[in-house]
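In our numbering, the protein residues as written are 16 to 387.
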């Protein structure tokens, strides 16, 4: 049994591996623990440190690793299980600190008071400013079960150092929770009226946005902005020039919601933003949209100084690239970042072998649902 192909998936913690044999039955199975009833090679894979689970269907498996581990360590062991000679081993590649960091905020009765960053095997926590701690304490009643009333609010994936992320998220929370808002939450908490309430959404004009000097107020405006459409593109172009990276990042996310080729020029511009998080968010958005017209932009992004941006560019080229991509990929076949190197090599091999671009997994699913 040998490996025919290794492919990326939308998750950085999952690889799809095509094998040279077909499963005897048509059933798909997910394996999470070593069992006597499992196929022998499945147990060997599960025995690899940091392999979390294995999904097996037809002629392929998908392997999930723990978020705190590196493919440069796990992948050679996977290859060893199949004793594949067709795939070249990578000898001691450098570890890349380019992973996604998950951010959550601990809240009590909708009052935030602590930030948590999870990355690999580490966890960083940081209390918010004293006014949030005081508000949280003031909202408590004597009979409150504090443990049950606390909850972690997902603030999504962020990029950068822990200090950069903490400072950015603190600024965002400060913007969304001025003193008067905190006082409202304290009063609601004391009265046990702290259930989540729907935001009052409202479009704002470009003139109103530009005339608002306080960036925190501009941020609150965008936080209460309804789902955008093509008519909002001129406004989002203005936001994309804001001094604050948090606002530029929101503009990129809104552009992705429009799902139109009309937003591509602005996303191309965002790929050159001075802030890494904005560039990576723009890359994610371009990949989600999956328009081949963005190839030139992603070719250029292979030269980005940030590995997380180069990785996204290589992933897009794997999904959408063609023969014109080969010179750009060749220049990065030995990228110093292992995750980038792996994605570049996968894209290069697919195109060099004459395989057609299938688009991202999400695009394939959408096309299948449309009957294309």
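Where is the CB? At the ideal position from N, CA and C, for every residue including glycine.
Just so you know, these numbers come straight off a predicted model, no measurement behind them.
Check                                                                                                                                                                                        : Outcome
Residues bridged to residue 347 by DSSP?                                                                                                                                                     : Partner(s): none; residue 347 has no beta bridge.
Output the distance between the C-alpha atoms of residue 314 and residue 41, rounded to the nearest integer angstrom.                                                                        : 39 Å
For residue 201, I'd like the list of residues in its chain whose CB is within less than 8 Å of its CB, leaving aside the five on either flank, ordered along the chain.                     : 126, 150, 153 and 154
From 326, 338 and 88, pick the residue whose C-alpha is nearest to that of residue 356; which is it?                                                                                         : 326
Look up residue 196 in the DSSP assignment and give the residues it is bridged to.                                                                                                           : For residue 196, which the question treats as bridged, DSSP gives no partner whatsoever.
Residue 323 to residue 24, Cα distance in whole Å?                                                                                                                                           : 15 Å
Bridge partners of residue 167, per DSSP?                                                                                                                                                    : 121
Taking a contact to mean a Cβ-Cβ separation below 9 Å, would you say residue 249 touches residue 269 in this structure?                                                                      : no
What are the residues that DSSP puts in a beta bridge with residue 234?                                                                                                                      : BP columns for residue 234 are empty, so no partner.
What separation, rounded to the nearest whole angstrom, lies between the Cα atoms of residue 158 and residue 167?                                                                            : 21 Å
Beta-carbon within less than 8 Å of residue 84's beta-carbon, same chain only, minus the 5 sequence neighbours each way: which residues are those?                                           : 64, 65 and 135
Name the residue from 96, 122 and 207 whose alpha carbon lies nearest to the alpha carbon of residue 192.                                                                                    : 122
Any idea which residues DSSP pairs residue 173 with across the strands?                                                                                                                      : 116
Under three-state DSSP, which class holds residue 301?                                                                                                                                       : helix
On the CB-based measure, 16 or more other CB atoms within 10 Å of its CB, does residue 300 come out buried or exposed?                                                                       : buried
Rank 91, 194 and 175 by C-alpha distance to the C-alpha of residue 145 and give the top, closest one.                                                                                        : 194
Specify the secondary structure class of residue 99 as computed by DSSP and reduced to three states.                                                                                         : The predicted position of residue 99 is uncertain, since its pLDDT is 45 and thus under 50; a value taken from the coordinates is nonetheless stated next. Residue state, collapsed to three classes: coil.
Give me the residue from 278, 260 and 275 with the minimum Cα distance to residue 288.                                                                                                       : 260
So is residue 369 buried or exposed if we call it buried at 16+ other beta carbons inside 10 Å?                                                                                              : exposed
Would you mind stating whether residue 348 and residue 366 have Cβ atoms separated by less than 9 Å?                                                                                         : no
Which residue marks the beginning of the alpha helix (DSSP H) containing residue 356, and which one marks its end?                                                                           : 353-367
Give the single residue among 204, 58, 330 and 219 whose Cα lies nearest to the Cα of residue 160.                                                                                           : 204
Suppose you measure from the CA of residue 164 to the CA of residue 124; what does that come to, to the nearest Å?                                                                           : 7 Å
Here's a check: name, in chain order, each residue in its chain whose Cβ is nearer than 6 Å to the Cβ of residue 111, leaving out the five neighbours to either side.                        : Any reading at residue 111 must be qualified, since the residue scores a pLDDT of 44, below 50, and its modelled position is unreliable; the value itself is stated next. Correct list, in chain order: 322, 352, 353 and 354.
Using a Cβ-Cβ cut-off of 8 Å (strictly less than) and excluding sequence neighbours within five positions of residue 129, which residues of its own chain qualify?                           : 120, 121, 140, 141, 142 and 143
In terms of residues, what are the limits of the alpha helix (DSSP H) holding residue 223?                                                                                                   : 221-226
Which one of 20, 118 and 247 has the shortest CA to CA distance from residue 391?                                                                                                            : The question about residue 391 has no answer, for the chain in this structure spans 16 to 387.
Given that a residue counts as buried once 16 or more other Cβ atoms are within 10 Å of its Cβ, and exposed if not, what is residue 307?                                                     : exposed
Out of curiosity, what's the CA-to-CA distance linking residue 174 and residue 58?                                                                                                           : 35 Å
What three-state label does DSSP hand residue 403 in the structure shown?                                                                                                                    : Nothing can be reported for residue 403: it is not among the residues displayed for the chain, which extend from 16 to 387.
Leaving aside the five residues before and after residue 76 along the sequence, list all residues of the same chain whose C-beta is less than 6 Å from its C-beta, in chain order.           : 32 and 69
Give every residue of the same chain whose Cβ lies closer than 8 Å to the Cβ of residue 283, excluding the five residues on either side of it in the sequence, and list them in chain order. : 309 and 312
Just the C-alpha distance for residue 216 and residue 61, rounded to the nearest angstrom, thanks.                                                                                           : 48 Å
Check whether the Cβ atoms of residue 316 and residue 267 sit closer than 9 Å, and answer yes or no.                                                                                         : no
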